[in-house]
Amino acid sequence: MEATITLGPGYALPEEEQIAATYQHLLRRLSHQSVVKHFDAYADIDWDADEYRIDPEDPRWELDEDDVLGATAWYRAQAQATRARLGLHLVATKMKTGVQFENALQRGLLEFAFTRPNGSPEFRYVYHEVIEEGQHSLMFQEFVNRTGFDVPGLGFWDRLGARRVVAAARRFPALFFIFVLGGEDPIDHVQRTVLRSGHPIHPLLRRIMQIHVTEEARHLCFARHYLRAEVPRLRAAARASLALQAPLVLGPMAQLMMRPSRQVVRTYGIPDEVIAEAYTSNPRHRQDMLAALGKLRDLCREVGIVTPWSVPLWRVAGIWQEERDGDRGR
Ligand SMILES: [Fe+2]
Ligand SMILES: [Fe+2]
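Those letters in the sequence shown? Residues 93 to 422, by the working numbering.
Structure representation (structure tokens):
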């Protein structure tokens with residue numbers, strides 16, 4: 093979703109002003125789209141429809157062999173009902189994690205909006221985004237409630253959300269938007285992959301994911317363009333700080349979001365060696381993680397916050413990959 097500014101023949105803005113004008117124009121377009129295409133968690137989902145009923149033993153919750161845990165002999169050896177319950181439990185945990193992530197995100201966006209001047213198109217767009225995240229959280233939480241699983245989510249969001257993320261949104265918004273993309277980009281990647289996979293998906297889950305990817309496309313677009321417009325204007329020390337903190341934030345986030353929670357591991361007694369086989373020492377899982385963070389890694393390169401000295405940090409965090417097709421890394 094790129095915005096362009098046409099000013100007529102013979103008239104061109106200097107590059108920096110052009111970037112700023114394009115960014116302002118984009119914000120107005122995104123805000124307009126939020127008005128004409130948005131969803132309500134209760135008006136747009138018929139929760140009590142027969143086909144949306146959740147049966148924890150429905151085979152459509154089972155993990156298939158494309159899933160790293162679903163591919164293990166241990167998982168395949170479980171009874172059908174257990175396989176289905178475990179699959180639904182994982183979905184419920186992810187939704188709860190989504191609610192927690194969006195809670196920190198909304199608080200951060202409100203902090204950011206607080207610092208915007210009168211007339212700022214960022215102020216308006218960010219409020220649209222806060223409202224949309226509110227609808228997403230209502231829909232995720234309603235889903236969790238209907239599964240019957242009392243999932244705790246992750247303490248991680250609570251600690252990180254309260255202390256660092258919300259504070260960064262006001263004092264260092266570029267870092268905040270790296271965090272935002274660290275949560276939104278992998279979730280979006282996973283949801284799009286599932287929707288495209290052609291595997292049978294429970295219709296309620298499909299509806300929720302379709303709504304989510306539609307609205308997240310705007311959020312991702314905004315965060316990416318914010319970073320493109322803002323990072324080049326930062327002082328060298330602030331850019332170095334971003335280069336240092338990006339892999340430190342993104343590594344743990346990716347690990348946490350793509351692995352089963354402790355509650356799931358305990359409830360089904362998943363042995364350590366199965367966790368190692370599926371996640372810790374599974375090249376396919378590593379590949380999935382790299383793919384989920386691919387766009388964000390490319391963006392960090394593009395805006396100049398991947399430096400020769402920060403690459404080892406990305407490697408240690410397990411999220412480094414040499415540049416993809418046609419990209420030029422640093
Ligand atoms: Fe969302
Ligand atoms: Fe979002």
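For glycine and all other residues, C-beta sits at the position ideal for the given N, C-alpha and C.
Span separating the alpha-carbon of residue i from that of residue j
i	j	result
I137	T306	15 Å
H228	W406	31 Å
F314	L122	8 Å
R75	P375	In the structure as shown, the chain starts at 93 and stops at 422, and residue 75 therefore has no counterpart that could be examined.
P400	M350	28 Å
H130	D364	43 Å
E224	W139	19 Å
L201	F235	25 Å
P244	Q347	18 Å
R325	S212	18 Å
R422	A309	With a pLDDT of 33 at R422, under the threshold of 50, the predicted position of this residue should be treated as unreliable, and no value is reported.
Q379	A163	15 Å
M381	A169	26 Å
G361	E369	15 Å
Y371	D159	10 Å
R238	E157	26 Å
F264	R255	13 Å
A261	G226	18 Å
A335	I411	14 Å
S333	V395	14 Å
A328	I397	10 Å
G247	H291	32 Å
A338	L267	7 Å
S373	V323	35 Å
Selected residue, minimal CA-CA separation from residue i, among the options
i	options	result
T114	A384, Y318, V341 and E415	Y318
G343	H294, S402 and H304	S402
R177	Q170, E149 and V191	E149
G240	V323, F268 and L180	L180
V341	A409, V183, Q110 and L155	A409
M301	P404, Q125, G190 and Q170	G190
V198	D159, E143 and F269	Residue 198 is actually Gln in this sequence, not Val. Measuring from the Cα of Q198, the nearest candidate turns out to be F269.
V258	A196, N210, A184 and G274	A196
V183	E276, Q283 and A328	Q283
R316	D277, L161 and V356	D277
D142	P339, H294 and Q355	H294
R354	V272, K186, R320 and D280	K186
A135	G386, I303 and E107	I303
R298	W153, R120 and E107	W153
A321	L161, C392 and F193	C392
Y218	V357, V286 and R120	As written in the sequence, residue 218 is Val, which differs from the Tyr given in the question. The shortest Cα separation from V218 among V357, V286 and R120 belongs to R120.
Contacting residues, own chain, Cβ-Cβ under 7 Å from residue i (five flanking each side not counted)
i	result
F215	A205 and R208
P151	Q172 and A176
Q125	R310
Y144	D138, P295 and L296
D280	V305, E308 and L312
V222	Q198, L201 and L202
I111	A321
Residues near residue i by beta carbon distance below 6 Å, same chain, minus five either side
i	result
H220	S123 and S126
L230	A133
T174	none
W166	V366
Q233	V191
For review: beta carbons within less than 6 Å of any heavy atom in ligand 1
E194, E225, H228, H304 and E308
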